[in-house]
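At position 73 of the sequence shown (counting the first as 1) the number is 65 in the working numbering, and the numbers step up by one without a gap. Each residue gets a CB set at the ideal place from its N, CA and C atoms; glycine is no exception. Report on one structure; see the data block that follows.
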Amino acid sequence: MSKVLVLKSSILAGYSQSGQLSDYFVEQWREQHADDVITVRDLAANPIPVLDGELVGALRPSDAPLTPRQQEALALSDELIAELKANDVIVIAAPMYNFNIPTQLKNYFDLVARAGVTFRYTEKDQKVWLPVNVRLC
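Written out as structure tokens, the structure reads:
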């Protein structure tokens, strides 16, 4: 049994081509892998906070006390990372807006990319993703 995480990020809901494709993917996957667990996270319907000067302080190791907003962001970051690591297959449904990914998806990446947690720096300052046994679709 596999666990599949589908990240939807279109603000166009039912009119979104990437959303329709991810819905089709989920439908087909369920037909072919009935025992698998699929989690769909809609980043537009349930937005992730924008990383700003206050929130970035919550994601760095520090002994400084956290504000309530920072505590919420850190808890959400921990939840998203645990969810990401708990899945075997990650499907990213990403439309293109103004030649880039949606803000909603960028906000997600900002909260799951944490030094020492999901990646680390090497002696040559290279960023190396820590091993996560997932397949990206």
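Return the chain-ordered list of same chain residues with a C-beta closer than 8 Å to the C-beta of residue i, the five sequence neighbours on each side being excluded.
i, result
"E46", "T59, R61 and Q62"
"Y49", "Here residue 49 turns out to be Gly, not Tyr, going by the sequence shown. Excluding sequence neighbours, G49 sits near A56, L58 and Q62."
"V104", "S69, L72, I73, L76 and T110"
Does the distance from the C-beta atom of residue i to that of residue j stay below 8 Å?
i, j, result
"K0", "A36", "yes"
"E102", "L43", "Residue identity check: residue 102 is Asp in the sequence provided, not Glu. Yes. Within cutoff."
"I82", "L76", "yes"
"N99", "L(-3)", "no"
Alpha helix (DSSP H) containing residue i: first to last residue?
i, result
"K98", "T95 to V104"
"A50", "G45 to L51"
Buried or exposed: where does residue i fall if 16 or more other Cβ atoms within 10 Å of its Cβ makes it buried?
i, result
"P94", "buried"
"Q24", "exposed"
"G11", "buried"
"S54", "exposed"
"Q20", "exposed"
"Q96", "buried"
So residue i is in the beta strand (DSSP E); what residue range does that whole segment cover?
i, result
"R33", "V29 to D34"
"L(-1)", "K(-5) to K0"
"A65", "Where A65 is concerned, there is no enclosing beta strand (DSSP E), although the alpha helix (DSSP H) it sits in stretches over P60 to A78."
"V142", "Examination of residue 142 is not possible in this model, given that the chain is present from -7 through 129 alone."
If you reduce the DSSP assignment to three classes, tell me which class residue i lands in.
i, result
"F111", "strand"
"A26", "coil"
Ordered along the chain, which non-local residues of its own chain (more than five positions away) have a Cβ less than 6 Å from that of residue i?
i, result
"V29", "K(-5)"
"R106", "L51"
"R33", "L(-1)"
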